[in-house]
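Participant: Protein chains in written order, with the working numbering: chain A, 1 to 319; chain B, 320 to 628; chain C, 629 to 1120.
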Amino acid sequence: MLKESLMDIIRKYTMLVAFILFLIIYFFVSGWKAASLTNILSIVLRTCVVTILGIGQSLVIIGGGIDLSIGAQIDHAIGLMTILYPFKDLLGGFTGIVVITLIITTTFGFINGLIIYKTKLPPFIVTFAMMLILESLATLYSYYGVMGIWGFKPWLISLFSFLPSPTVSVPILFTFLILLAASIIARRTIYGYSIYAIGSSYKAATASGVPIGKVTLITYSLSGFMGGLAWFMYSLQVGYIFAYTAGTIYLLDSIAVPVIGGIDIMGGTGYVPMLFIGALFVSTISNFIILMKINPLLEYAVKGIIIIVALIFSRLLKK
Amino acid sequence: MLHQLGKIFSDFSLFFFLVIIVVAGQLSNPLFLSPATIYTIIRGTACLGFLALGEVLVIISRGIDLSVGQIACLSSVIVVYFMIMFQSPLIAIVLTLLMGLGFGVLSGTLVNIGIPPFLATLGTMWIAQGLAEYLGVKPTPVPSHFSSFNIISFETPPVTAIILILISVISLEILATKVPIGRYIYYVGGNEYGTYISGVDVKLIKYIIYSFSGFSASIGGILLTSWTTSGYKWVALGQEFTAIAASVIGGASLAGGEGRVFKTIIAMVLLITISSLYTFLGLPPTLFFLTEGFLILGAALFQIKFRRG
Amino acid sequence: MIVAQNISKSFFGVYALKNFSLELKDGQVCCLLGENGSGKSTFVKVLSGIFPDYKGEIYINGKLVRLSSPKVARDYGIAAVHQTLDLVPQASIMENIFLGSERKKHKIFIDRQEVKRITKELLSYFNLELDPEKPVAELTTWQKVIVAMAKAISKGCHTLLIDEATTPLSIVEKRLLLSLIRELKEKNYSILFVTHYPEEVFEIGDEVVVLRDGEKVMHAKVSETDLQMIVKAIAGKKADRKYYRQKVEVGKELLILKNVSINHIIKDINLEIREGEIVYIVGLPDSGKEQLARAIFGLIPIRSGEMYLNGYKYNPKNTNDAVKHGVGFVPGDREAEGIFPIRPILENSYISRINSLTTRNLYINLNKNITEFASMARIIKLVYKSPSEEVRFLSGGNKQKVVLMRSLLTKCKLIVCEQPTAGIDVGSKVEIYSIFNEFTENGGAVLAVTGEAGDATSIADRILIMKEGKIFKEFVGPTDPEQVIRNLIGLG
Chain A
1 MLKESLMDII RKYTMLVAFI LFLIIYFFVS GWKAASLTNI LSIVLRTCVV
51 TILGIGQSLV IIGGGIDLSI GAQIDHAIGL MTILYPFKDL LGGFTGIVVI
101 TLIITTTFGF INGLIIYKTK LPPFIVTFAM MLILESLATL YSYYGVMGIW
151 GFKPWLISLF SFLPSPTVSV PILFTFLILL AASIIARRTI YGYSIYAIGS
201 SYKAATASGV PIGKVTLITY SLSGFMGGLA WFMYSLQVGY IFAYTAGTIY
251 LLDSIAVPVI GGIDIMGGTG YVPMLFIGAL FVSTISNFII LMKINPLLEY
301 AVKGIIIIVA LIFSRLLKK
Chain B
320 MLHQLGKIFS DFSLFFFLVI IVVAGQLSNP LFLSPATIYT IIRGTACLGF
370 LALGEVLVII SRGIDLSVGQ IACLSSVIVV YFMIMFQSPL IAIVLTLLMG
420 LGFGVLSGTL VNIGIPPFLA TLGTMWIAQG LAEYLGVKPT PVPSHFSSFN
470 IISFETPPVT AIILILISVI SLEILATKVP IGRYIYYVGG NEYGTYISGV
520 DVKLIKYIIY SFSGFSASIG GILLTSWTTS GYKWVALGQE FTAIAASVIG
570 GASLAGGEGR VFKTIIAMVL LITISSLYTF LGLPPTLFFL TEGFLILGAA
620 LFQIKFRRG
Chain C
629 MIVAQNISKS FFGVYALKNF SLELKDGQVC CLLGENGSGK STFVKVLSGI
679 FPDYKGEIYI NGKLVRLSSP KVARDYGIAA VHQTLDLVPQ ASIMENIFLG
729 SERKKHKIFI DRQEVKRITK ELLSYFNLEL DPEKPVAELT TWQKVIVAMA
779 KAISKGCHTL LIDEATTPLS IVEKRLLLSL IRELKEKNYS ILFVTHYPEE
829 VFEIGDEVVV LRDGEKVMHA KVSETDLQMI VKAIAGKKAD RKYYRQKVEV
879 GKELLILKNV SINHIIKDIN LEIREGEIVY IVGLPDSGKE QLARAIFGLI
929 PIRSGEMYLN GYKYNPKNTN DAVKHGVGFV PGDREAEGIF PIRPILENSY
979 ISRINSLTTR NLYINLNKNI TEFASMARII KLVYKSPSEE VRFLSGGNKQ
1029 KVVLMRSLLT KCKLIVCEQP TAGIDVGSKV EIYSIFNEFT ENGGAVLAVT
1079 GEAGDATSIA DRILIMKEGK IFKEFVGPTD PEQVIRNLIG LG
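This is the structure we're talking about:
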């Protein structure tokens, strides 16, 4: 049986250990409150959404790039929805919304990839500018659009909601399927091997005949796609679609997940399934903050510190 | 040849565009160029200019600082917070500046360990943002007995604002052009390895740059508070974009080694004027950010096409 | 006066310098020669503080010192002009010259007047009438070299290390540089002059040292030696020279270049390579050989002319195109461009193959190719622990084999290499030659570009000499490396 590379192994287990330690502290400090069903379910809910976000961002990071526009993609799609609301019946109701959202976010992801590949500008500045553009567009749309509630078909809601029912496991299953698909794509496809190659050494990838343009476009499009998927998951669980601006926390989480989940920010390495631990960690932290009645507004600071600590740790590991 | 053209174009285009915007403004609404508007532009340039001053130096060194906006926001919140706590604007200002400096040192440390600047300052930004959100739950007005603190808002014409920004620009320009440490910022951006070989302590230079950026951002935050007369956690929301836009439009290359402080401030004037024009035309403020996004992309692309020699 | 004793420096386990000792005396020029990869630049970098982890001792004027950083070396009065010149392009001439040692007014401000004045003096000393405020990016190569020299001198050093500054220069410029160095010699500088051209030794040298594979093979007073001996030393002992090429049937034309131009220097190249041939293009740095190789692989575009592969027009838009057409590439800079350091050997080997497939399977599990990998690894004698080992842990020679394996596994017909045996131990070199032999026996062809004459003469069927963008001489069959070197340096 082939082992994973040494780096991956170290990463895997350190994070696991850190997470277990955290869990111990968490349960010890928060006591019985943490163990309630509703609480656990809310963590799981968050984990599912954040895992999907993290997958998109991780693929980009493995390839040596970064997508700062992930949160903005989601807000933008939602904003566009407010304009489309009057035509909702024409658009095929629920299915139509989902398809349109996914198309929009994937398209803008594609645009990101196109600009990055063609202009060779650093990914952070391109996605940074794109973030600005998309967020502003989103707000603009909401001026002219109609805020509304797009109802979902009841059977779909119950499928995805977290009421204690036989179908409780569906969202989790869905997330696992996506995670599985992503892992397979990352590890067992030409595209997957290529993205790790590009992240490991852009020059060597070029010298090996890797089609950098195609891979870049696919990666950033996937990132956009995952953004749409994550939003879809969340909206379903809530039961309806509404417009809100949570773009920035999505971005934070999408970066926290790979960083904490052991994916090297410099690219070229990373064990995709480990993302789930990262997502769990991130969601538990959010939950911890709420339980401990720590001001939720501190969430950014707490996560920011954790990300920095994880980054420093991974840097030191390298040396 | 293309390189020379690019240089000339960018040198003059700033003024050119500024004139266009002003003329367009005047045509759309004769009241545009009133003293009130001009004073607003000056105040805006002074406040946000400090964010851009730090940012442009970082960009010249081939780095980036995404945290300036949030450091300014946090500064706004805590300067009022400390003012109330210690009943002294002076102490509040000093502490706030120290905090900004501290964040800058953090960013510099992370960069020197080897974390990419955008990520390092993204992390710093989130910490600052979290603290700002937490400490600044609701906007807190500057206590009335310290109303002299609000000089930026009530002084007409805004002499203090002009003096502050002018002094800063002049001293930074002198530093950047006539003092070795200032020149080293350019050299590090232009050829970090060559600079290192020549015996310059590159790590120290980076510490200085990022520390100054944090420090300067908090000055900007304090001035914004003086203008809006209250501590507000969203006072500089998204203004890191404006700082970067001003730097890039002002000719700073993202690849490092190029850029001028005074051109950045002129670009800032341009940006604030555009913003004022939008307000005058009744356009939503988000349109301004939208424009900024395109300007950043456009300026970056322009650099690549015409200035990479 | 500098005495370097038993200096050794290794990279990834391969010695670039082995127990090298040298003395630099005041007022004397010591010329250091050797082929690419012989260790010349490494020595210069050790002396200028860039490689602080060297083994051995260095004495400056009798005192034992540790050159632990460029600043330390500078403080000890050692200044260097490296091949890369290390100038800041956006900065002006005077800024570059005074980088790190600016003259100050009132201890804070740069004394621009003073700096400008001294710069003007320095430039005119070098016979250059230039505006000190001109950005270095706008200078010609010669001017940049002068600026780098001026920078080295301006800091009051007593030892000057010049690494291959003459290679990119024209004949006139070379003459000028040499006379400048003569003048500096008279000013009592001790100078280490690294060059590819032995005749320069007789123009300015007092002593000549030749390096080969990191070791000193010749050390003589210039007055007691001649060109013949130097060339012989660079080429290596006759007894060590072996021709590893095995006779192979040559087939039809595989690659044809007709009037191919890449830039304003590399123009009208005509080239033919047949199945079963090993062709080497030998040239000095700046001859354009690397660009030619890269153009064939689709890394850089051709401006004009035509290429044919297997009879069909061949114009790769990118490297993926090239790989799909059956062309493989082994880059010169193994670490930066050749390997994926943190990826497993298995992935490193198969990355080109999976990207060259015309019928794409969605699901690919490289683990299924382990048997194929293992047998290929056996054939090329790869030394490794397991296919999942990270490539960065392999030795230089084995890394190179992995890079080669990448092309071999794509079943390509043409492998284009840059310096295929640079920085590799002798054993691996021989093994790579046998890989070439076997590859060509099966109908493939190898085109290599290199600066090492010895590499070419060990294995090539044909050797082409390239100079200033043109191929101007061809040797067929086993050739004496001395002859190749003579042609390289223009001795005919």
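C-beta: ideal position from N, C-alpha, C; glycine also.
#1: Kindly indicate which residue of A/SER194, A/ALA138 and A/TYR234 has the alpha-carbon position closest to the one of A/GLY267.
#2: Helix or strand or just coil, what does DSSP make of C/LYS732?
#3: I think B/SER398 touches B/ILE541, with their Cβ atoms under 8 Å apart; what is that distance to the nearest whole Å?
#4: Whose Cβ in chain A lies nearer than 7 Å to the Cβ of C/PRO1106?
#5: Put C/GLU629 into one of helix, strand or coil per three-state DSSP.
#6: Excluding the five sequence neighbours on either side, which residues of its own chain have a C-beta within less than 7 Å of the C-beta of A/ASP264, listed in chain order?
#7: Taking the runs of the alpha helix (DSSP H) that are 4 residues or longer, which of them lie wholly in the stretch 712 to 788 of chain C?
#8: Mind checking B/PRO499: buried by the 16 CB within 10 Å criterion, or exposed?
#9: Give a yes or no on contact between the stretch 590 to 597 of chain B and the stretch 390 to 407 of chain B, applying the rule of three or more CB pairs nearer than 8 Å.
#10: Candidates C/ILE721, C/ARG902, C/PHE1021 and C/LYS895: which alpha carbon is nearest C/ILE1099's?
#11: Let me know the secondary structure DSSP gives C/GLY956 once reduced to three states.
#12: Got a sec, what are the start and stop residues for the beta strand (DSSP E) C/SER889 sits in?
#13: Using DSSP bridges, identify the partner residues of A/SER254.
#14: Is it right to say C/ASN1026 is buried, meaning 16 or more other beta carbons lie within 10 angstroms of its own, or is it exposed?
#15: How many Å lie between A/VAL44 and A/VAL50 at the Cα?
#16: Please specify which runs of the alpha helix (DSSP H), each continuous and at least 4 residues long, are wholly inside the stretch 400 to 453 of chain B, giving them in chain order.
#17: Starting from B/ASN469, trace the alpha helix (DSSP H) both ways and give me its first and last residue.
#18: Going by CA-CA distance only, name the one from A/ILE133, A/VAL272, A/LEU297 and A/ILE178 that's closest to A/TYR196.
#19: For the beta strand (DSSP E) that C/ARG1090 lies in, which residues bound it at each end?
#20: Within the continuous beta strand (DSSP E) that includes C/GLY662, where are the two ends?
#21: Taking three-plus beta-carbon pairs below 8 Å as touching, is the stretch 896 to 909 of chain C in contact with the stretch 873 to 883 of chain C?
#22: Determine, using beta-carbon pairs with one atom in the stretch 558 to 576 of chain B and one in the stretch 467 to 474 of chain B, whether at least three such pairs fall under 8 Å.
#23: Where does C/MET846 sit, in a helix, a strand or coil, going by DSSP?
#24: Report yes or no: is there a C-beta of chain A within less than 8 Å of the C-beta of B/TYR515?
#25: From C/LYS945 to C/MET935, what does the alpha carbon distance come to, in whole angstroms?
#26: Identify the contact partners of C/PHE737 in chain B, using a Cβ-Cβ distance below 7 Å as the criterion.
#27: Going residue by residue through the stretch 900 to 965 of chain C, where are the continuous alpha helix (DSSP H) segments of at least 4 residues, counting only ones entirely within it?
#28: Could you pull the start and end residues of the beta strand (DSSP E) that C/THR1078 belongs to?
#29: Are A/ILE185 and A/GLY63 close, meaning C-beta to C-beta below 8 Å?
#30: Could you say if the stretch 946 to 963 of chain C and the stretch 1026 to 1046 of chain C meet the contact criterion of at least three C-beta pairs nearer than 8 Å?
#31: Does the distance from the C-beta atom of C/LEU713 to that of C/ALA776 stay below 8 Å?
#32: Please classify A/SER36 as buried or exposed, where buried requires at least 16 neighbouring CB atoms within 10 angstroms.
#33: Under DSSP, the beta strand (DSSP E) around C/GLY684 begins and ends at which residues?
#34: What does DSSP give as the partner residue(s) for B/SER549 in the beta ladder?
#35: Does the stretch 284 to 295 of chain A come within contact of the stretch 547 to 554 of chain B, defined as at least 3 CB pairs closer than 8 Å?
#36: Are the beta-carbon atoms of C/VAL907 and C/LEU1092 separated by less than 8 Å?
Facilitator: Inspection of the coordinates gives the following:
#1: Counted from its first residue, the first sequence places residue 267 of chain A at position 267. Residue A/SER194 is the option with its Cα nearest to A/GLY267.
#2: Your numbering for residue 732 of chain C matches position 104 in the third sequence. Of the three classes helix, strand and coil, the one that applies to C/LYS732 here is strand, per DSSP.
#3: Position 79 of the second sequence holds residue 398 of chain B. Position 222 of the second sequence holds residue 541 of chain B. Looking at the sequence itself, residue 398 of chain B is Val, so the reference to Ser does not match. Here B/VAL398 really is in contact with B/ILE541; their C-beta atoms are around 5 Å apart, less than 8 Å.
#4: The sequence position of residue 1106 of chain C within the third sequence is 478, counting from 1. The contacting residues do not exist; C/PRO1106 stays about 31 Å from chain A at best.
#5: For the purposes of this step, residue 629 of chain C is taken as the residue at position 1 of the third sequence. Sequence check: residue 629 of chain C is Met here, not Glu. Looking at C/MET629 - three-state DSSP - the assignment turns out to be coil, as it is neither helix nor strand.
#6: Counting from 1 along the first sequence, the entry for residue 264 of chain A is found at position 264. Once the five neighbours on either side are set aside, the close Cβ partners of A/ASP264 are GLY270 and SER314.
#7: The stretch 712 to 788 of chain C contains these whole alpha helix (DSSP H) runs: 721 to 725, 740 to 753 and 769 to 782.
#8: Position 180 of the second sequence holds residue 499 of chain B. B/PRO499 is classed as buried because its beta carbon has at least 16 other beta carbons within 10 Å across all chains shown.
#9: Counting C-beta pairs closer than 8 Å gives fewer than three between the stretch 590 to 597 of chain B and the stretch 390 to 407 of chain B, which falls short of the contact rule.
#10: As a working note, residue 1099 of chain C is residue 471 in the third sequence. The shortest C-alpha separation from C/ILE1099 is found at C/LYS895.
#11: For the purposes of this step, residue 956 of chain C is taken as the residue at position 328 of the third sequence. The answer is strand: DSSP assigns C/GLY956 an E or B state.
#12: Position 261 of the third sequence, counting from 1, holds the residue named residue 889 of chain C. Start and end: 881 to 889.
#13: Locating residue 254 of chain A in the first sequence gives position 254, counting from the first residue. Answer is none; A/SER254 lacks a bridge partner.
#14: Taking the first residue of the third sequence as position 1, residue 1026 of chain C is located at position 398. Per the 10 Å Cβ criterion, buried.
#15: Locating residue 44 of chain A in the first sequence gives position 44, counting from the first residue. Locating residue 50 of chain A in the first sequence gives position 50, counting from the first residue. C-alpha separation (whole angstroms): 10 Å.
#16: Counting whole runs of 4 or more residues, the stretch 400 to 453 of chain B contains the alpha helix (DSSP H) stretches 408 to 432.
#17: Taking the second sequence and counting its residues from 1, the one referred to as residue 469 of chain B is at position 150. Run containing B/ASN469: none; DSSP gives neither H nor E here.
#18: Within the first sequence, residue 196 of chain A is the residue found at index 196, counting from 1. Ranked by Cα distance from A/TYR196, the options A/ILE133, A/VAL272, A/LEU297 and A/ILE178 are led by A/VAL272.
#19: Walking along the third sequence from the start, residue 1090 of chain C turns up at place 462. Unbroken beta strand (DSSP E) run through C/ARG1090: 1090 to 1095.
#20: To locate residue 662 of chain C, count along the third sequence from 1; it is residue 34. For C/GLY662, the enclosing beta strand (DSSP E) covers residues 657 to 662.
#21: The stretch 896 to 909 of chain C makes contact with the stretch 873 to 883 of chain C: 3 or more CB pairs, one atom from each, lie closer than 8 Å.
#22: Output reads no: the stretch 467 to 474 of chain B does not touch the stretch 558 to 576 of chain B.
#23: In the third sequence, the residue the question calls residue 846 of chain C occupies position 218. Looking at C/MET846 - three-state DSSP - the assignment turns out to be strand.
#24: The count along the second sequence starts at 1 and reaches residue 515 of chain B at position 196. No, B/TYR515 does not count as interfacial toward chain A.
#25: Taking the third sequence and counting its residues from 1, the one referred to as residue 945 of chain C is at position 317. Taking the third sequence and counting its residues from 1, the one referred to as residue 935 of chain C is at position 307. Straight through space, the alpha carbons of C/MET935 and C/LYS945 are spaced by roughly 12 Å.
#26: Counting from 1 along the third sequence, the entry for residue 737 of chain C is found at position 109. From the beta-carbon of C/PHE737, the residues of chain B found nearer than 7 Å are LYS497 and VAL498.
#27: 917 to 924 and 947 to 952, all fully within the stretch 900 to 965 of chain C.
#28: Position 450 of the third sequence, counted from the start, is the residue given in the question as residue 1078 of chain C. Here the beta strand (DSSP E) through C/THR1078 covers 1073 to 1078.
#29: As a first step, residue 185 of chain A must be located in the first sequence, where it is residue number 185. As a first step, residue 63 of chain A must be located in the first sequence, where it is residue number 63. Taking 8 Å as the cut-off, the beta carbon of A/ILE185 is found no closer than this to the beta carbon of A/GLY63.
#30: With the cut-off at 8 Å, the stretch 946 to 963 of chain C and the stretch 1026 to 1046 of chain C touch.
#31: By 1-based counting over the third sequence, the position of residue 713 of chain C is 85. By 1-based counting over the third sequence, the position of residue 776 of chain C is 148. Taking 8 Å as the Cβ cut-off, C/LEU713 and C/ALA776 qualify as a contacting pair.
#32: Reading the first sequence from its first residue, position 36 is the one you call residue 36 of chain A. Of the residues assessed, A/SER36 falls on the exposed side of the cut-off, its CB having fewer than 16 other CB atoms within 10 angstroms.
#33: Taking the third sequence and counting its residues from 1, the one referred to as residue 684 of chain C is at position 56. That run of the beta strand (DSSP E) goes 683 to 688.
#34: Taking the second sequence and counting its residues from 1, one reaches residue 549 of chain B at position 230. In the DSSP output, where bridge partners are listed per residue, B/SER549 has B/PRO460.
#35: The stretch 284 to 295 of chain A is not in contact with the stretch 547 to 554 of chain B.
#36: Counting from 1 along the third sequence, the entry for residue 907 of chain C is found at position 279. Counting from 1 along the third sequence, the entry for residue 1092 of chain C is found at position 464. Yes.
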